[in-house]
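In what follows, a single structure is set out as structure tokens and then discussed.
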Amino acid sequence: MDIIRCENLSKIYQAGDNKIFALDDVTVSFEQGTFTAITGPSGSGKSTMLHLLSGLDAPSQGKVFYQDKSLYDYKDNQLSVLRRRRFGFVFQSYNLVKELTGMENILLPVMLDNRKVDEDHINRIVDMLGIGDRLTHLPGAMSGGQQQRISIARALANKPNILFADEPTGNLDGKSGREVLSLLRQASHELGITLILVTHDMNVAEQAERIVQIEDGKIIRDSGKVREEE
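Written out as structure tokens, the structure reads:
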């Protein structure tokens, strides 16, 4: 069952008399609980696609549907609530609040939403990510890999249906990057979350169940069906 899809999606910028297509008439869908990597060279449109799918940006043309409802039928405040409650985000830069401890950063989206903390869920995430010994530390006292684990926990705190990850291993060394990627896969599998990950690194993309390759704003390859877990 598709949880999110886009139809004829384009993002167009005007440069003088010329139109620049950052994304060009893309139609694609994503099934619940699957792990898809969107890959392509720098400037190919992969991050633009992620921003449009997640409602962080609005398209020039086309539509995005989450559970069969267009994202752009929501008012701005409704879309903000949807993103906060149903979507999780992990970026290349960890975007942690430097004055808050690891646990405070993790709980931030829950507190902003004025919701009761599900302690069992938070403890499960903390155990899964192996960050129990970093919860009282400030980000400045953590390695890059530890900060990224905290940011993943924060993204999972509100029990999202979809986790959007934009170059989540880009600032990490090889070992930390592999660990973070493995944890993202584990979280997707164990929590039933749809993981949509953007990367320029084919070694990262090949860990996904499906690869969507973009060049010049267009999908040039889609492995289509989900591969069996190794």
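End of the sequence shown = 251 in this note's numbering, gap-free, step of one.
Beta carbons are placed, not taken as given, at the ideal position from N, Cα and C, and that holds for glycine.
Nothing here was measured: the structure is a model prediction, and the numbers come from that model.
- Can you round the beta-carbon distance between T215 and N179 to whole angstroms, since I take them to be within the 8 angstroms contact cut? In this structure, T215 and N179 do not form a Cβ contact; the two beta carbons are roughly 15 angstroms apart against a cut-off of 8 angstroms.
- Can you tell me the Cα-Cα spacing of F185 and R104, whole angstroms? Rounded to the nearest whole angstrom, the C-alpha separation of F185 and R104 is 11 angstroms.
- Identity of the residue in L30, A229, M124, P80 nearest V49 by Cα: It is L30.
- Under 7 angstroms Cβ to Cβ from A174, same chain only, skipping five residues before and after it: list those, please. Closer than 7 angstroms at Cβ, skipping near neighbours: I127, I146, V147, L150, I152.
- Quickly, what does DSSP pair Y95 with across the bridge? List them, please. Note: Y95 sits in no beta bridge, so no partner.
- Item | Start-end ranges of the beta strand (DSSP E) lying completely within the stretch 29-71, minimum 3 residues | Listed in chain order, the complete beta strand (DSSP E) runs (minimum 3 residues) inside the stretch 29-71 are 39-52, 56-60.
- Query: Using the C-alpha atoms, what's the distance from S68 back to T220?
  - Reply: So the alpha carbons of these two residues sit roughly 9 angstroms apart.
- For A186, which of helix, strand or coil comes out of DSSP? Correct three-state label for A186: strand.
- Query: L121 by DSSP, collapsed to three states: which one?
  - Reply: Residue state, collapsed to three classes: coil.
- Message: Here's the rule I'm using: 16 or more other beta-carbon atoms within 10 Å means buried, otherwise exposed. How should V102 be labelled?
- Response: Only exposed fits V102, as fewer than 16 other CB atoms lie within 10 angstroms of its CB.
- Take R107 as the anchor and find which of I240, L202, S75 has the nearest alpha-carbon. Selected option, being the one with the closest Cα: S75.
- Query: CB of Y87 to nearest heavy atom of the ligand MN: below 6 angstroms?
  - Reply: The ligand MN is absent from the structure shown, which contains no ligands of any kind.
- Message: Considering just the uninterrupted stretch of the beta strand (DSSP E) at Q82, what are its terminal residues?
- Response: That run of the beta strand (DSSP E) goes 82-87.
- On the three-state DSSP scale, how would you describe G198? G198 carries a helical assignment under DSSP once its states are collapsed to helix, strand and coil.
- Message: Alpha carbons only, please: which of G64, K239, V111 is nearest the one belonging to A176?
- Response: Looking at the Cα atoms, V111 is the closest of the given residues.
- From D45 to D141, what distance separates their C-alpha atoms? Linking D45 to D141 through their CA atoms gives a straight-line distance of about 43 angstroms.
- Task: Could you please give me the residues that DSSP links to L133 through a beta bridge?
- Result: Bridge partners of L133: none, in fact.
- Nearest candidate by alpha-carbon position, reference D187, set D97, V138, V85, G66: Considering only alpha carbons, the answer is G66.
- Roughly how far, in whole angstroms, is the beta-carbon of I59 from the beta-carbon of I217, given that I think they are within contact range, below 8 angstroms? About 7 angstroms separates the two Cβ atoms, so the contact holds.
- Task: Assuming S197 contacts G165 (C-beta within less than 8 angstroms), just tell me the rounded distance between them.
- Result: In this structure S197 touches G165 by the C-beta definition: roughly 6 angstroms separates them, less than 8 angstroms.
- Item | Among N144, L117, T57, I143, nearest to R231 - alpha-carbon criterion | Among N144, L117, T57, I143, the Cα nearest to that of R231 belongs to T57.
- Starting from D148, follow the beta strand (DSSP E) in both directions and report where the run begins and ends. In this chain, D148 is not harboured by any beta strand (DSSP E); it is covered by the alpha helix (DSSP H) spanning 140-150.
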